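Protein chains in written order, with the numbering used here: chain B, 16 to 267; chain H, 16 to 267.
All residues carry an ideal CB built from backbone N, CA and C; glycine is no exception.
In this text, all values refer to a predicted model and were calculated from it rather than measured experimentally.
Shown next, in structure tokens, is the structure this report addresses.
2 protein chains.
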Amino acid sequence: VRSIRLLLGYDGTSFHGWQAQPGMRTVQGVLEEHLRTALDGEVRTQAAGRTDAGVHARGQVVSFATTSALPVAAIAARLRRALPDDLMVRAAAEAPAGFEARRSARARRYSYRLLDQDDVLLRRFAWRPRVALDLDALERAMRPLPGERDCAAFMASGSSAPCPRCRILRASWRRWEAGAILDIVADHFLYRMVRNMVGTALRAMREPDPAAAMAAVLASRERARAGATAPPQGLCLEQVFYDEDPATGTSR
Amino acid sequence: VRSIRLLLGYDGTSFHGWQAQPGMRTVQGVLEEHLRTALDGEVRTQAAGRTDAGVHARGQVVSFATTSALPVAAIAARLRRALPDDLMVRAAAEAPAGFEARRSARARRYSYRLLDQDDVLLRRFAWRPRVALDLDALERAMRPLPGERDCAAFMASGSSAPCPRCRILRASWRRWEAGAILDIVADHFLYRMVRNMVGTALRAMREPDPAAAMAAVLASRERARAGATAPPQGLCLEQVFYDEDPATGTSR
Numbered sequence: 016v017r018s019i020r021l022l023l024g025y026d027g028t029s030f031h032g033w034q035a036q037p038g039m040r041t042v043q044g045v046l047e048e049h050l051r052t053a054l055d056g057e058v059r060t061q062a063a064g065r066t067d068a069g070v071h072a073r074g075q076v077v078s079f080a081t082t083s084a085l086p087v088a089a090i091a092a093r094l095r096r097a098l099p100d101d102l103m104v105r106a107a108a109e110a111p112a113g114f115e116a117r118r119s120a121r122a123r124r125y126s127y128r129l130l131d132q133d134d135v136l137l138r139r140f141a142w143r144p145r146v147a148l149d150l151d152a153l154e155r156a157m158r159p160l161p162g163e164r165d166c167a168a169f170m171a172s173g174s175s176a177p178c179p180r181c182r183i184l185r186a187s188w189r190r191w192e193a194g195a196i197l198d199i200v201a202d203h204f205l206y207r208m209v210r211n212m213v214g215t216a217l218r219a220m221r222e223p224d225p226a227a228a229m230a231a232v233l234a235s236r237e238r239a240r241a242g243a244t245a246p247p248q249g250l251c252l253e254q255v256f257y258d259e260d261p262a263t264g265t266s267r
Numbered sequence: 016v017r018s019i020r021l022l023l024g025y026d027g028t029s030f031h032g033w034q035a036q037p038g039m040r041t042v043q044g045v046l047e048e049h050l051r052t053a054l055d056g057e058v059r060t061q062a063a064g065r066t067d068a069g070v071h072a073r074g075q076v077v078s079f080a081t082t083s084a085l086p087v088a089a090i091a092a093r094l095r096r097a098l099p100d101d102l103m104v105r106a107a108a109e110a111p112a113g114f115e116a117r118r119s120a121r122a123r124r125y126s127y128r129l130l131d132q133d134d135v136l137l138r139r140f141a142w143r144p145r146v147a148l149d150l151d152a153l154e155r156a157m158r159p160l161p162g163e164r165d166c167a168a169f170m171a172s173g174s175s176a177p178c179p180r181c182r183i184l185r186a187s188w189r190r191w192e193a194g195a196i197l198d199i200v201a202d203h204f205l206y207r208m209v210r211n212m213v214g215t216a217l218r219a220m221r222e223p224d225p226a227a228a229m230a231a232v233l234a235s236r237e238r239a240r241a242g243a244t245a246p247p248q249g250l251c252l253e254q255v256f257y258d259e260d261p262a263t264g265t266s267r
């Protein structure tokens, strides 16, 4: 049995998220259907980040085991010929024994794009909130986040996680073509955590002390204290980090 | 009879260009259909730039005459409620008597986006050529363009224009998120001119003297000497300039 690792990009607009669901067009469903044809047998895939409906990926990592002897370049070529336009295989490689895209991942990097004006071209990949953006205040709101943090306040209500403690390695905003972009890296993310942080940052932005407002929400551990969930289309899984990658910058 | 001016944005992916054609989904067709309902009567629109199939717009200007007494804000509101997601009314205003979006325009600004890597999110709005981008050489290739120029070499073969002389006010490349973006302003553009200039710039980029290569194509006035037409999805009509606009920077 070999283990194969794929680097995927997808436009999440027309997918009901990563996870296979009967009767729904999902990334896992479309990918496994084409892997079945390419490898002539059932394949079960695992993804580093289980993106929600409408969420995009430029750097999703997926692993699967196969008994096929087909070279990895041929697997990638067969997939590339067959996959729809909105799902792209960026790279494919043999993975070390025991590699699992989800369990082996050390950190993930997501982006969230906010628009400061309506933009018909970018509306699929960014969200325009109803408030004017204050980049400086947004940046100050993120200051309490880096470090080992209990992120229960940012976990979707009704969901549960074995461990709400996350190691946040980076959380910062920068100016972008048409608004502001959040760059956030953590060892793992709770369900809807980034989208809830964005909603909370937009509320904290309008407070006299954005950092204190964010710190109070974090310390409360209460979902009800955080802001509204930002919509999915602004979110993108940009990169996943593994120990064995030599030059990723955050792995060791 | 009043004259109304609209500022439109559209994602050109699912339109067969601006111009109404029977049985085709075009921007003019969709817009006039909804104006007919909003104003309860036939309306003929005119656009500043007749964009081709697949070409986008963030700043298209459209004018039409109407005998309706409906306030312009109500016309805009009716359109906004009815128009599809990929066609957006950004602004609407009463225009001075005699205003025509096409004939009154003094200059147009287009962008063309090139990718230097595959990007599943940006592939609708940018083009990845098969050559590596050299921004410095691209920039040098544009140097012969600003000024009063006979642009016959960049006019689509088989088309004709009353006057191939264009006043090019700006033509420059800059780095962009995922590649290079061309910013070009001229009083008017010939059919497929920007896309032919982009194809020619990509070829000139690989010459020892990119500026001389571009100048030779320009001087030849022969379409056969220019490069291949770059595909439509990288092109976007960004802005149209009029005399009556106070702060546009290029009008007077």
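Neighbour list for residue i in chain H, Cβ cutoff strictly below 7 Å
{"i": "H71 (chain B)", "result": "L136"}
{"i": "E192 (chain B)", "result": "E192"}
{"i": "D198 (chain B)", "result": "Ordered by position in chain H, no residue passes the 7 Å Cβ test against D198 (chain B), which lies about 13 Å from the chain."}
{"i": "M39 (chain B)", "result": "Here the premise fails: no neighbours, minimum Cβ distance about 20 Å."}
{"i": "F140 (chain B)", "result": "L136"}
{"i": "D67 (chain B)", "result": "Per Cβ cutoff of 7 Å: no residues; D67 (chain B) is ~16 Å from chain H at best."}
{"i": "D101 (chain B)", "result": "V135"}
Three-state class that DSSP yields for residue i in the structure shown
{"i": "A243 (chain B)", "result": "coil"}
{"i": "S266 (chain B)", "result": "Residue placement at S266 (chain B) is flagged as unreliable, the pLDDT there being 35, under the threshold of 50; the coordinate-derived value follows with that caveat. Coil, per DSSP."}
{"i": "E253 (chain H)", "result": "strand"}
{"i": "L205 (chain B)", "result": "coil"}
{"i": "T81 (chain H)", "result": "strand"}
{"i": "A270 (chain H)", "result": "For chain H, the structure presents residues 16 to 267; residue 270 (chain H) sits outside this window and is missing."}
{"i": "V16 (chain B)", "result": "coil"}
{"i": "D131 (chain B)", "result": "coil"}
{"i": "A116 (chain B)", "result": "coil"}
{"i": "S172 (chain H)", "result": "coil"}
{"i": "V76 (chain B)", "result": "strand"}
{"i": "Q36 (chain H)", "result": "coil"}
{"i": "A107 (chain H)", "result": "strand"}
{"i": "A92 (chain B)", "result": "helix"}
{"i": "V213 (chain H)", "result": "helix"}
{"i": "R218 (chain B)", "result": "helix"}
{"i": "V87 (chain H)", "result": "helix"}
{"i": "A97 (chain B)", "result": "helix"}
{"i": "R238 (chain H)", "result": "helix"}
Integer Cβ distance of residue i from residue j, believed to fall under 8 Å
{"i": "A216 (chain H)", "j": "M208 (chain H)", "result": "Rounded, the Cβ-Cβ distance is 12 Å, inconsistent with contact."}
{"i": "A107 (chain H)", "j": "L21 (chain H)", "result": "5 Å"}
{"i": "G173 (chain H)", "j": "G214 (chain H)", "result": "Contact flag wrong, Cβ pair sits at about 16 Å."}
{"i": "M170 (chain B)", "j": "R238 (chain B)", "result": "6 Å"}
{"i": "R128 (chain H)", "j": "G249 (chain H)", "result": "5 Å"}
{"i": "L252 (chain B)", "j": "R123 (chain B)", "result": "7 Å"}
Residue i: contacting residues in chain B (beta-carbon distance under 7 Å)
{"i": "D224 (chain H)", "result": "Ordered by position in chain B, no residue passes the 7 Å Cβ test against D224 (chain H), which lies about 32 Å from the chain."}
{"i": "D26 (chain H)", "result": "V135, L136"}
Reference residue i, options the options, closest by Cα
{"i": "L150 (chain B)", "options": "B:L23, B:D165, B:I196, B:M212", "result": "B:I196"}
{"i": "F114 (chain H)", "options": "H:Y25, H:W142, H:A80, H:G24", "result": "H:A80"}
{"i": "C181 (chain B)", "options": "B:S174, B:R73, B:P246, B:L205", "result": "B:L205"}
{"i": "D198 (chain H)", "options": "H:E192, H:F169, H:A168, H:M157", "result": "H:M157"}
{"i": "L130 (chain H)", "options": "H:Y257, H:A141, H:F256, H:I19", "result": "H:A141"}
{"i": "A53 (chain H)", "options": "H:P223, H:A168, H:A97, H:A219", "result": "H:A97"}
{"i": "C166 (chain B)", "options": "B:G27, B:S235, B:L252, B:T66", "result": "B:S235"}
{"i": "G56 (chain H)", "options": "H:L85, H:G32, H:H71", "result": "H:L85"}
{"i": "A68 (chain B)", "options": "B:R185, B:T60, B:T82, B:G32", "result": "B:G32"}
{"i": "A227 (chain B)", "options": "B:A186, B:D258, B:P247, B:P159", "result": "B:P159"}
{"i": "N211 (chain B)", "options": "B:P161, B:Y257, B:T244, B:R17", "result": "B:T244"}
{"i": "V76 (chain H)", "options": "H:I90, H:T82, H:R164, H:T60", "result": "H:T60"}
{"i": "E109 (chain H)", "options": "H:S18, H:A120, H:E259, H:V70", "result": "H:S18"}
Under 8 Å from the C-beta of residue i: neighbouring residues of chain B
{"i": "R105 (chain H)", "result": "D133"}
{"i": "C251 (chain H)", "result": "L136"}
Start-to-end residues for the alpha helix (DSSP H) that takes in residue i
{"i": "E48 (chain B)", "result": "42-54"}
{"i": "R155 (chain H)", "result": "150-157"}
{"i": "A227 (chain H)", "result": "225-235"}
Range covered by the beta strand (DSSP E) that runs through residue i
{"i": "W142 (chain H)", "result": "Note, W142 (chain H): premise wrong, no beta strand (DSSP E); not H, not E."}
{"i": "L184 (chain B)", "result": "180-191"}
{"i": "G162 (chain H)", "result": "162-165"}
{"i": "Q61 (chain H)", "result": "60-62"}
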